[in-house]
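Here is the structure we will look at.
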Amino acid sequence: MTNLIDSGKTKELFETEDKNVLRVHYTDHTTAGDGLRNELIDNKGAVNNQISSLIFQFLTKNDIPNHFIKKISDTDQLNQRVNMIPLEVVVRNLSSGHFQKRFGTDDLQKLSKTVVEFFMKSDHLHDPMLNDLDAQALNIAKENELITMRHLALKVNRFMSELFMDMGIILVDFKLEFGINDNGQIILADEISPDSCRLIDATTKNSLDKDVFRKQEGNMMNGYYKILHKLENELG
Ligand code: 5GP
1 MTNLIDSGKT
11 KELFETEDKN
21 VLRVHYTDHT
31 TAGDGLRNEL
41 IDNKGAVNNQ
51 ISSLIFQFLT
61 KNDIPNHFIK
71 KISDTDQLNQ
81 RVNMIPLEVV
91 VRNLSSGHFQ
101 KRFGTDDLQK
111 LSKTVVEFFM
121 KSDHLHDPML
131 NDLDAQALNI
141 AKENELITMR
151 HLALKVNRFM
161 SELFMDMGII
171 LVDFKLEFGI
181 NDNGQIILAD
191 EISPDSCRLI
201 DATTKNSLDK
211 DVFRKQEGNM
221 MNGYYKILHK
231 LENELG
């Protein structure tokens with residue numbers, strides 16, 4: 001028996017015999033609106049565990065330091081234990097979601113430059129956006145750590161955008177989280193899946209991600225299965 005040490009909105013973290021290794025269990029919980037909507041969607045945990053594992057393996061091959069060790073079952077994977085930095089790092093290639101609302105652009109409007117934004121992780125404050133000086137003033141991250149995260153986020157974006165483009169899918173935007181490992185190194189952590197990425201079919205522009213759930217536009221799992229099958233074909 002291993003102990004549950006933490007549970008987030010969609011994942012549960014368990015200790016293992018190795019204090020530096022966590023077992024992460026992907027649940028079927030699907031949330032929107034800072035967790036106010038929370039539904040169980042059949043098989044979502046297993047699909048996201050598979051998708052996130054494939055993407056992290058791909059990033060490892062491309063020398064992005066990250067917490068992924070291995071997938072151990074349909075719904076579980078082993079990750080390196082890290083101290084999570086309480087920030088969400090969002091990368092945007094096209095305008096959508098909160099960026100589109102904030103600046104009143106067309107949805108999916110092209111951006112002249114890739115955007116990287118930081119948000120403080122806080123459900124009760126609704127994850128406020130913060131800049132580098134805010135993050136330093138609040139002791140959330142140091143200047144060099146913010147520079148490293150921005151650099152890694154842009155690198156991840158280049159690899160993932162190309163990977164998805166080869167699959168006929170556009171990576172509109174996504175959210176990353178980072179942690180600090182035992183050696184004091186900043187590494188990519190958390191998950192990368194259609195829960196945390198906007199992905200659209202390059203031809204039809206249909207959403208293949210959690211936006212289908214957020215906008216209550218039908219069964220979001222169709223898009224998730226499509227992403228998984230294409231990743232398996234591309235990387236498997
Ligand atoms: P937006 O800021 O437009 O809501 O989201 C930008 C991107 O980051 C989207 O791909 C969205 O899925 C992801 N994202 C933003 N906040 C969260 C969050 O709290 N959880 C997850 N899973 N993804 C998020």
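Residues in the sequence shown are numbered consecutively from 1, following the numbering used here. All C-beta atoms in this analysis are idealised placements derived from N, C-alpha and C, irrespective of residue type, glycine included. Given the structure is predicted, the values throughout are model-derived calculations rather than measurements.
Asked                                                                                                                                                      : Found
Output yes if chain B places a C-beta closer than 7 angstroms to the C-beta of Thr114; else output no.                                                     : The displayed structure is made up of one protein chain only, and chain B is not part of it.
Any chance the region 171 to 181 sits against the region 87 to 107, with 3 or more Cβ pairs inside 8 angstroms?                                            : yes
What residue from Met160, Leu125, Glu117, Phe159 has the CA that sits closest to Ile147's CA?                                                              : Glu117
Looking at Met167: is its Cβ nearer than 7 angstroms to the Cβ of Glu232?                                                                                  : no
Helix, strand or coil for Ala153 per DSSP?                                                                                                                 : helix
So does Ser95 have its beta carbon nearer than 6 angstroms to some heavy atom of the ligand 5GP?                                                           : no
What are the start and end residues of the alpha helix (DSSP H) that includes Gly45?                                                                       : 44 to 61
Do Leu4 and Asn79 have their C-beta atoms within less than 7 angstroms of each other?                                                                      : no
Determine which residues share a DSSP beta bridge with Ser7 and list them.                                                                                 : Glu12
Three-state secondary structure (DSSP) at Thr148?                                                                                                          : helix
Please tell me whether, using a cut-off of 6 angstroms, the distance from the CB of Ser196 to the nearest non-hydrogen atom of the ligand 5GP is below it. : yes
I want to check one thing, is the minimum distance from the CB of His25 to the heavy atoms of the ligand 5GP below 6 angstroms?                            : no
Out of Asn206, Asp28, Ile69, Asn49, which one is the CA nearest neighbour of Thr16?                                                                        : Ile69
If we call anything under 7 angstroms between Cβ atoms a contact, is His29 one with Thr10?                                                                 : yes
So, helix, strand or coil for Met165, using DSSP?                                                                                                          : helix
Tell me the rounded alpha-carbon separation between Asn83 and Gly104.                                                                                      : 36 angstroms
For Leu208, tell me which candidate among Leu228, Leu199, Leu152 has the shortest Cα-Cα distance.                                                          : Leu199
For Thr204, tell me which candidate among Ser196, Phe213, Ile169 has the shortest Cα-Cα distance.                                                          : Ile169
Quick one: what's got a C-beta closer than 7 angstroms to Leu111's C-beta in the same chain, skipping five residues either side?                           : Arg92, Asn93, Leu94, Ser95
Would you mind giving the Cβ-Cβ distance between Val89 and Tyr224, rounded to the nearest angstrom? I have them listed as a contact below 8 angstroms.     : With a Cβ gap of about 23 angstroms, Val89 and Tyr224 do not count as contacting.
Could you tell me whether any non-hydrogen atom of the ligand 5GP is closer than 6 angstroms to the CB of Lys175?                                          : yes
Using three-state DSSP, classify Lys113 as helix, strand or coil.                                                                                          : strand
Mapping the DSSP letters down to three states, classify Glu88 as helix, strand or coil.                                                                    : strand
Residues bridged to Thr240 by DSSP?                                                                                                                        : The requested residue 240 does not occur in the structure, where the chain is confined to residues 1 to 236.
Taking its Cβ as the centre, do 16 or more other Cβ atoms sit within 10 Å of Asn139, making it buried, or is it exposed?                                   : exposed
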